[in-house]
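Chains as they are written, first to last, in my numbering: chain A, 30 to 143; chain B, 322 to 431.
For glycine and all other residues, C-beta sits at the position ideal for the given N, C-alpha and C.
Quantities reported herein were computed from a predicted structural model and do not represent experimental measurements.
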Amino acid sequence: GAVVSQHPSRVICKSGTSVKIECRSLDFQATTMFWYRQFPKQSLMLMATSNEGSKATYEQGVEKDKFLINHASLTLSTLTVTSAHPEDSSFYICSALLTGNTIYFGEGSWLTVV
Amino acid sequence: EDKVVQSPLSLVVHEGDTVTLNCSYEVTNFRSLLWYKQEKKAPTFLFMLTSSGIEKKSGRLSSILDKKELFSILNITATQTGDSAIYLCAVESNTGKLIFGQGTTLQVKP
């Protein structure tokens, strides 16, 4: 079964609204989670590193005020896309780092902004 | 700047052919190199390589890492149409961060 659960798997939202994507580690605690974005026919691009109990570390070029990351517990990180625009439509995927340095991916979330 | 480069970007072969996918990297604080297969959703894990010269094998797939020359190859023998996918190479830093290559899109024709 899934080790990392991501929800929702698909979401459609109106331009200007905000949408939240959740990433949960199941049966283990993840102090570090990562958020990636993948545009069609492109590879995964790291957006930010989410650390439990502290601020996320964003990659260069990623707007931290637009992509809000909260990692309030050891099993949950959330990514909120604020004031979404059509160009934010993408595949968003999280991963969690398990003790022993094993990485597990969530199932991914397809965001469509109309 | 850390980077991972894959080649070729796309490849079309016929069933039964053997393919070799390449991945070169320049990453500080290297921990491991990983290969993933991506179809329609999340990438699925294929291999993790940490040591040079040790081939990892899983069925028709195999992979090897050269830490001196900073590259890895993924071989697929006797390809099948089900092998059609995007193959992603990623290098993991010691923080757990993955840096992905552009991916190789493989199409296997019947």
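- Item | Contact under 8 Å by Cβ, B:V429 with B:T398 | Indexing the second sequence from 1 puts residue 429 of chain B at position 108. Indexing the second sequence from 1 puts residue 398 of chain B at position 77. No; because the gap between Cβ atoms is not below 8 Å, this pair is not in contact.
- Three-way DSSP call (helix, strand, coil) for A:D94 in this model: Taking the first residue of the first sequence as 1, we reach residue 94 of chain A at position 65. Residue state, collapsed to three classes: coil.
- Item | Strand pairing of A:R53, partner residues [DSSP] | If you number the first sequence from 1, residue 53 of chain A lands on position 24. In DSSP, A:R53 forms a bridge with A:S34, A:L105.
- Query: Are three or more beta carbon pairs between the stretch 32-52 of chain A and the stretch 371-379 of chain B nearer than 8 Å?
  - Reply: no
- Message: For the pair the stretch 75-90 of chain A and the stretch 332-342 of chain B, tell me if three or more CB-CB distances fall below 8 Å.
- Response: no
- Query: In angstroms, rounded to a whole number, what distance separates the CA positions of A:I41 and B:T426?
  - Reply: Position 12 of the first sequence holds residue 41 of chain A. Position 105 of the second sequence holds residue 426 of chain B. Computed Cα separation, rounded: 27 Å.
- Can you tell me the Cβ-Cβ gap for A:Y87 and A:I122, rounded? I've got them flagged as a contact below 8 Å. Mapped onto the first sequence, residue 87 of chain A falls at position 58. Mapped onto the first sequence, residue 122 of chain A falls at position 93. The Cβ separation is near 16 Å, so there is no contact.
- Message: Can you look up B:Q402 in the DSSP assignment and give me helix, strand or coil?
- Response: Position 81 of the second sequence holds residue 402 of chain B. Note that residue 402 of chain B is Thr in the sequence shown, not Gln. Residue state, collapsed to three classes: helix.
- Item | First through last residue of the beta strand (DSSP E) which encompasses B:I385 | As a working mapping, residue 385 of chain B is identified with position 64 in the second sequence. It spans 382-387 - the beta strand (DSSP E) in which B:I385 sits, taken as one unbroken run.
- Message: Please report the straight-line C-alpha distance between A:F63 and B:R381, rounded to a whole angstrom.
- Response: Here residue 63 of chain A is taken as the residue at index 34 of the first sequence, counted from 1. Here residue 381 of chain B is taken as the residue at index 60 of the second sequence, counted from 1. Approximately 31 Å between the Cα atoms of the pair.
- Item | Under 7 Å by beta carbon: chain B residues contacting A:S72 | For this step, residue 72 of chain A is matched to residue 43 along the first sequence. In chain order: L409, F421, G422, Q423, G424.
- Kindly indicate which three-state DSSP category B:E322 falls into: helix, strand or coil? Numbered from its first residue, the second sequence carries residue 322 of chain B at position 1. B:E322 falls in the coil class under three-state DSSP.
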